[in-house]
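Heads up, the thing below is written out as C-alpha cells.
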Amino acid sequence: MGLLTIGAFARASRLSPKALRLYDELGLLPPARVDPYSGYRLYDPAQLERARLVAWLRRLGMPLAGIRAVCELEPEAAAREVRAYWARVEADTAARRDLAAFLVDHLSGRDTTMSSDHTTLGIRYAVLSDTGSVRESNDDAGYAGPRLLAVADGFGGGRHAGEAAIEALKPLDAGVPGGELLSALEEAAHRARESVSALAASDPALRDVGTTLTAMVWSGSRLGLVHIGDSRAYVLRDGELFQITHDHTVVQSLLDEGRITPEEAASHPQRALLLRAMGGGSAFEPDFALRDARAEDRYLLCSDGLTGVVPAEAIRRVLASEDDPGTAVRQLVALANRAGGPDNVTCVVAHVAERRALTSA
C-alpha cells in the first residue's frame, strides 16, 4: 500500500485533518512525506498504530506533552506511564467528588439541618508532643481545643513555622457555622501560609522555613479538614482504622502511580521529601474536605514521627482500647519512642460522644 493523503489517513486513524496538522506542527505525528509542489501531507500506513494511540490518549484527556512521552516509550514502559497518569486523574476526581457532594448538601439545605439537629455531639480531646529519642529539639507543634484540632511538623527553622501556622487557625476554635466551614478553613489556611512566609522573610537564616499542617474544625456533627504535607488524620469507626488524609510526598506519588510497592516505600531514600507544604519552596495546594462525625468515632491527628515507625495495627489497638484520650496520646508517643524515636512525634486524639455522656463523664 502506498502513502495515504491526509484525508484518507484521517479517516483511517479517526483523527481530524486539523488535529493531524497540529500534531505535525508539534512534532508528535509528522507525515512520512510532504509533497514539495502541493504541500500535501502524505502518511505511511505504518503510522496508523501511533496515530490511534494518540487518539486514545487524547480521549483519556492526557496532555500533549504526556502523549509525546508515552509514544516514545517501549510498550511496557508506556503502559506504566498510562497507569500513572490515570492514578493522578482518579485522585483528582475523588477530591472533586467530595467537594461536589458538599456543595450539593449545602445548596439543598442539608447543611443547615445538620448543624441544628445534631448539636448534641461533642469531643473529649488530648494532645502530646515529644522530642523523641534522637533529635535535640522538637520542631512539631500541636493543639487541641473544643472545636479545633491541629498538628504541624516544622522544618528549616525549628518549631516556629508550625506554631505560626496553628496560631493562625486558633480563631476557628471559637466556632464556625456549618455552612461556612470550608470557606473559613480556606481563609485560615491562607493566613497560616502568610504567617509562615512572614517568618521566612524575618531572618535570612529562616528563608527555607516551612511546615506541614493537618487540622480539623468541628461544627455540630460536621467537621472540616485542611491538610498539606505528610502529617496525617485517621478515624477509628466501628473498630476499623481509616486514614482520611493523603500524603503529599514523592514516595506517595510513586505508590499512587504503581512505580514502587508499599514495602519499597518504607525504606525509600526520598520518603521524607514533600511535594506540598506551607513554605520551604514547596507547592501550596492544601486539601479540604468535610466529614460527618458519629458518636463513638475516635480521631487521631499525628506527625510522621508516629506513622514512620509505628504500624497502623498498633495505632488501631491503642485507639480502640483506650477510653481516655490523654492515656491514648501517651501510649502512642511511647510506642514511637520504643521503636527508636528517630523523629519528633505529636499526637492529638479526640473521642466523639453525645454531650450528655461528656457531662456525666
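Taking our numbering, the leading residue of the sequence shown gets 4, the next gets one more, and so forth.
We treat Cβ as the ideally placed atom computed from N, Cα and C, and that holds for glycine.
- With a cutoff of 8 Å on beta-carbon distance, G148 and L184 are scored as not near each other.
- Here A164 is near T214, since their CB atoms are less than 8 Å apart.
- Taking one beta carbon from each stretch, the region 132–143 and the region 339–352 have 3 or more pairs nearer than 8 Å; the two touch.
- Counting the other CB atoms within 10 Å of its CB gives A208 a total below 16, which places it among the exposed residues.
- Secondary structure note for L244: its beta strand (DSSP E) is the uninterrupted segment E243 to Q246.
- For D142, the secondary structure class from DSSP, reduced to helix, strand or coil, is coil.
- Partner residues in a beta bridge of D300, as assigned by DSSP, do not exist.
- Only exposed fits W59, as fewer than 16 other CB atoms lie within 10 angstroms of its CB.
- Inclusion of G282 and S200 in the CB contact set at 8 Å is warranted, their separation being smaller than that value.
- Excluding the 5 residues flanking it on each side, V312 has same chain C-beta neighbours closer than 7 Å at A339, A342, G343 and P345, in chain order.
- Bounds of the alpha helix (DSSP H) holding S16 are I9 to S16.
- Spatial neighbours of G69 in its own chain (CB-CB distance under 8 Å, excluding positions within 5 residues in sequence) are listed in chain order as L60, E84 and Y88.
- Three or more pairs of CB atoms, one per stretch, sit closer than 8 Å, so the region 313–323 contacts the region 242–260.
- For the set A49, G42 and V73, the Cα lying nearest the Cα of G5 is the one of A49.
- H230: member of the beta strand (DSSP E) spanning R225 to I231, first to last residue.
- The way I'd put it, the region 172–183 does touch the region 219–226; three or more beta-carbon pairs between them come closer than 8 Å.
- When DSSP reads this structure, D307 sits in no beta bridge, so it has no partner.
- For A356, the pairing in a beta bridge is given by DSSP as G125.
- Restricting attention to G157, E266, S234 and D206, the CA atom closest to the CA of N141 is found in G157.
- Taken through DSSP and simplified to helix, strand or coil, S222 comes out as strand.
- For the 8 Å CB-CB criterion, A171 and A195 form a contact.
- By the CB criterion at 8 Å, D290 and H354 fall outside the cutoff.
- Beta bridge pairing from DSSP links L293 with G227.
- When the Cα atoms are used, D326 and S198 turn out to be separated by approximately 36 Å.
- Straight through space, the alpha carbons of D307 and S285 are spaced by roughly 18 Å.
- R44: member of the beta strand (DSSP E) spanning R44 to Y46, first to last residue.
- The Cβ atoms of L202 and A236 do not sit closer than 8 Å to each other.
- Looking at the DSSP output, V37 bridges to R44.
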